[in-house]
Amino acid sequence: MPIFILLFLIVPFVEIYLLIQVGQVIGALPTIGLCVLTAVLGGALLRQQGVRTMARARHNLDQGQLPAHEMLEGIALGIGGALLVTPGFATDAVGFMCLLPFTRRWLVSHVLRRVTVVSAMGAGAYDSTTRRPQGREADGSHIIEGEYERKD
1 MPIFILLFLI
11 VPFVEIYLLI
21 QVGQVIGALP
31 TIGLCVLTAV
41 LGGALLRQQG
51 VRTMARARHN
61 LDQGQLPAHE
71 MLEGIALGIG
81 GALLVTPGFA
91 TDAVGFMCLL
101 PFTRRWLVSH
111 VLRRVTVVSA
121 MGAGAYDSTT
131 RRPQGREADG
141 SHIIEGEYER
151 KD
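According to UniProt numbering, the sequence shown is numbered sequentially starting from 1.
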């Protein structure tokens, strides 16, 4: 909890400092224009990358694979979009890192290496190397052993 309080105190001061420094170099109106431009570019990039990520998630679901990468990429896209709408240059840098495909995939892979994703599609965890739930066969089939009794 203290880290969030620290972030809420430090980030605005860093942003104000950077805005003042850039404003002194290029002027107030170009600085404001640059902030608006990054927000507009971020919105367009968010829309494009969001559609691509949703298409990949849908494809993985159709193949019977858990779209864990795509779900985390969607979270990163949301965070990146929020940071780009926030005025400032430091938040824009982090926001673009979340929106650009190569840096976003690196961040998501880094997170997936550190966590275990439990699959609701069956027992076991998500295997990040094969991008499917552990215990699932290569052809997508899943064998469930059990007994049943038919009552008419």
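For every residue, glycine included, the Cβ atom is placed at its ideal position computed from N, Cα and C.
Cα atoms of Phe89 and Leu107: separation of roughly 20 Å, rounded to the nearest angstrom. DSSP, read as helix, strand or coil, puts Gly74 in helix. Inter-residue distance for Thr31 and Ile3 is about 30 Å (C-alpha atoms, whole angstroms). The DSSP-derived three-state label of Glu147 is coil.
For Val36, the enclosing alpha helix (DSSP H) starts and ends at Ala28 to Asp62. Under the DSSP assignment, Asp92 falls in the alpha helix (DSSP H) whose first and last residues are Phe89 to Leu99. With three or more CB-CB distances shorter than 8 Å, the segment 75 to 92 counts as touching the segment 25 to 43.
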